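Q: So that we are looking at the same thing, I have put the structure below in structure tokens.
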Amino acid sequence: MIWCSGWELASAVSNAGALGLIGAGSMRPDVLRTHIQKCKSSTSKPFGVNVPLLYPEIDKIMQIIIDENVRIVFTSSGNPSTWTKILKEKGITVVHVISNTKFAKKAEDAGVDAVVAEGFEAGGHNGREETTTFVLIPLIREATQLPLIAAGGIANGNGMLAAMALGAEGVQMGTRFVASNESSGHDNFKNRVILTKEGDTVLTLKLLTPVRLIKNEFYNSIEKAEHQGATQDELKVILGRARAKKGMFEGDLDEGELEVGQVSAFVKDIQPAGEIVDKVWKEFLVAKEKLCTT
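Count along the sequence shown from 1, add 283, and you get the number used in the numbering used here.
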């Protein structure tokens with residue numbers, strides 16, 4: 284959700300009764316502080332911050348989170364043992380994003396409060412194992428007793444119910460909220476997401492860090508280079524800098540990196556975040572009732 288989940292989206296989701304998250308991955312420390320402060324002034328409900336642990340200014344980011352009294356942190360892309368103890372000593376709930384059972388056990392050993400198990404269907408950076416959500420969730424459920432949040436391929440109430448049937452206590456949705464009024468993604472990107480069809484996304488750049496993208500000219504250049512046996516350094520040159528910002532925030536649909544999940548094929552409109560939360564919850568209740576009466 285980099286470039287898409289700022290204070291406006293996080294506060295709208297929280298105000299609707301779910302847990303909104305500010306995506307710190309695209310924010311400098313001073314920008315993150317501003318988003319946290321604006322979020323606090325826009326909702327009295329709980330919200331959290333998602334922090335990639337490989338962030339180059341991670342010390343500053345974590346200090347801002349502590350100073351601003353953020354109560355919930357989702358960590359990803361790194362070793363959870365580095366920061367979990369420090370955050371928990373400050374009374375902060377820590378949730379770590381994982382993609383396999385090995386990392387589930389590492390997260391549990393680190394003392395996290397819960398895990399997000401993210402399947403291969405998810406958008407953005409993803410696990411190398413390509414384990415789908417339907418397979419991953421029961422595997423993680425067997426591997427740990429920690430509260431389990433399912434992610435990847437979930438955009439409606441039916442998906443939420445299916446995840447819970449597999450052993451999850453809750454779900455995390457990203458792609459569905461990219462196409463929301465409050466998303467900070469560029470309108471070009473939002474409109475491209477709702478036009479995405481089955482097969483329009485692909486997991487690529489596995490030699491660097493796997494990432495699921497909408498196919499476009501940038502993806503074509505990566506695919507061609509990989510087919511020709513490009514090295515990591517050659518791929519880094521093609522990737523360049525700020526490629527995700529160019530695509531998702533600035534709206535360059537040809538040369539930008541367009542990170543989104545497979546479930547974008549289900550997303551057909553741009554709605555207020557609160558309406559999305561309400562619709563998903565109602566779909567979940569209807570699906571649950573239908574299942575219990577059949």
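Cβ coordinates follow ideal geometry from the N, Cα and C atoms, glycine included. If you're wondering where the values come from, they're calculated on a predicted model, not measured in any experiment.
When you compare the region 544 to 559 with the region 459 to 467, are there three or more beta-carbon pairs, one atom per stretch, that lie closer than 8 Å?
A: Contact holds: three or more Cβ-Cβ distances are below 8 Å.
Q: Under a Cβ-count criterion, where at least 16 other Cβ atoms within 10 Å of its own Cβ denotes burial, should residue 333 be classed as buried or exposed?
A: One-based indexing of the sequence shown puts residue 333 at position 50. Buried is the call here.
Q: Nearest to residue 305 by alpha carbon, out of 311, 317, 288?
A: Along the sequence shown, read from residue 1 onward, the residue named residue 305 stands at position 22. Among 311, 317, 288, the Cα nearest to that of residue 305 is on 288.
Q: How many angstroms separate the CA atom of residue 292 from the CA atom of residue 302?
A: What you label residue 292 is simply residue 9 of the sequence shown in a count that begins at 1. What you label residue 302 is simply residue 19 of the sequence shown in a count that begins at 1. Approximately 11 Å, taken between the alpha carbons.
Q: In this structure, how does DSSP classify residue 333 when only helix, strand and coil are distinguished?
A: Taking the sequence shown and counting its residues from 1, one reaches residue 333 at position 50. Residue state, collapsed to three classes: strand.
Q: Hey, which unbroken runs of the beta strand (DSSP E) at 3 residues or more fall wholly within the region 345 to 395?
A: Within the region 345 to 395, the complete beta strand (DSSP E) runs of at least 3 residues are 355 to 359, 376 to 381.
Q: Between residue 352 and residue 298, what straight-line distance do the alpha-carbon atoms span, to the nearest angstrom?
A: In the sequence shown, the residue the question calls residue 352 occupies position 69. In the sequence shown, the residue the question calls residue 298 occupies position 15. Cα-Cα distance, rounded: 19 Å.
Q: Can you tell me the Cα-Cα spacing of residue 393 and residue 577, whole angstroms?
A: For this step, residue 393 is matched to residue 110 along the sequence shown. For this step, residue 577 is matched to residue 294 along the sequence shown. Residue 393 and residue 577: Cα-Cα distance of roughly 42 Å.
Q: Roughly how many whole angstroms lie between the Cα atoms of residue 399 and residue 380?
A: Indexing the sequence shown from 1 puts residue 399 at position 116. Indexing the sequence shown from 1 puts residue 380 at position 97. Between residue 399 and residue 380, the C-alpha separation is close to 4 Å.
Q: Is it true that the CB of residue 405 sits closer than 7 Å to the CB of residue 387?
A: Here residue 387 refers to the residue found at position 104 when the sequence shown is read from its first residue. Here residue 405 refers to the residue found at position 122 when the sequence shown is read from its first residue. Result no, Cβ atoms of residue 387 and residue 405 do not sit closer than 7 Å.
Q: Going by Cα to Cα distance, which pick from 451, 347, 537, 322 is closest to residue 471?
A: For this step, residue 471 is matched to residue 188 along the sequence shown. Checked all of 451, 347, 537, 322; the closest Cα to residue 471 is 537.
Q: Take residue 373 as the anchor and find which of 383, 355, 508, 285 has the nearest alpha-carbon.
A: Indexing the sequence shown from 1 puts residue 373 at position 90. Per the Cα distances, 355.
Q: Measuring alpha carbon to alpha carbon, tell me which of 368, 563, 318, 308 ends up nearest residue 441.
A: Here residue 441 refers to the residue found at position 158 of the sequence shown. Of 368, 563, 318, 308, the residue nearest in Cα terms is 563.
Q: Mind listing, in chain order, the continuous alpha helix (DSSP H) runs of no fewer than 4 residues lying wholly within the region 449 to 499?
A: Complete alpha helix (DSSP H) runs here, min 4: 458 to 461, 470 to 476.
Q: Quick test of the definition: if touching needs 3 or more C-beta pairs under 8 Å, does the region 315 to 328 touch the region 487 to 495?
A: The region 315 to 328 vs the region 487 to 495: no contact.
Q: Assuming contact is defined by CB atoms lying nearer than 7 Å, are residue 437 and residue 456 in contact in what I supplied?
A: For this step, residue 437 is matched to residue 154 along the sequence shown. For this step, residue 456 is matched to residue 173 along the sequence shown. For residue 437 and residue 456, yes; Cβs fall inside 7 Å.
Q: Can residue 421 and residue 450 be called in contact, C-beta distance under 7 Å?
A: Here residue 421 refers to the residue found at position 138 when the sequence shown is read from its first residue. Here residue 450 refers to the residue found at position 167 when the sequence shown is read from its first residue. Cβ atoms of residue 421 and residue 450: closer than 7 Å.
Q: Quick check: residue 344 and residue 308, are their CB atoms within less than 7 Å of each other?
A: Your numbering for residue 344 matches position 61 in the sequence shown. Your numbering for residue 308 matches position 25 in the sequence shown. Taking 7 Å as the Cβ cut-off, residue 344 and residue 308 do not qualify as a contacting pair.
Q: Output the distance between the C-alpha atoms of residue 382 and residue 483, rounded to the nearest integer angstrom.
A: Residue numbering aside, residue 382 sits at position 99 when the sequence shown is read from its first letter. Residue numbering aside, residue 483 sits at position 200 when the sequence shown is read from its first letter. Distance between the alpha carbons of residue 382 and residue 483 is about 22 Å.
Q: Tell me which residue opens and which closes the alpha helix (DSSP H) that residue 557 is part of.
A: If you number the sequence shown from 1, residue 557 lands on position 274. Element bounds for residue 557: 556 to 575.
Q: Give me whichever residues DSSP pairs with residue 579 in a beta bridge.
A: Residue 579 is absent from the structure shown; the chain starts at 284 and stops at 577.
Q: Just the C-alpha distance for residue 508 and residue 554, rounded to the nearest angstrom, thanks.
A: If you number the sequence shown from 1, residue 508 lands on position 225. If you number the sequence shown from 1, residue 554 lands on position 271. Taking the straight line from one Cα to the other gives about 38 Å.
Q: Going by C-alpha distance, which of 526, 540, 481 is nearest residue 499?
A: Locating residue 499 in the sequence shown gives position 216, counting from the first residue. Per the Cα distances, 540.
Q: What is the rounded straight-line gap between the Cα of residue 543 and the Cα of residue 410?
A: Along the sequence shown, one-based indexing puts residue 543 at 260. Along the sequence shown, one-based indexing puts residue 410 at 127. So the alpha carbons of these two residues sit roughly 15 Å apart.
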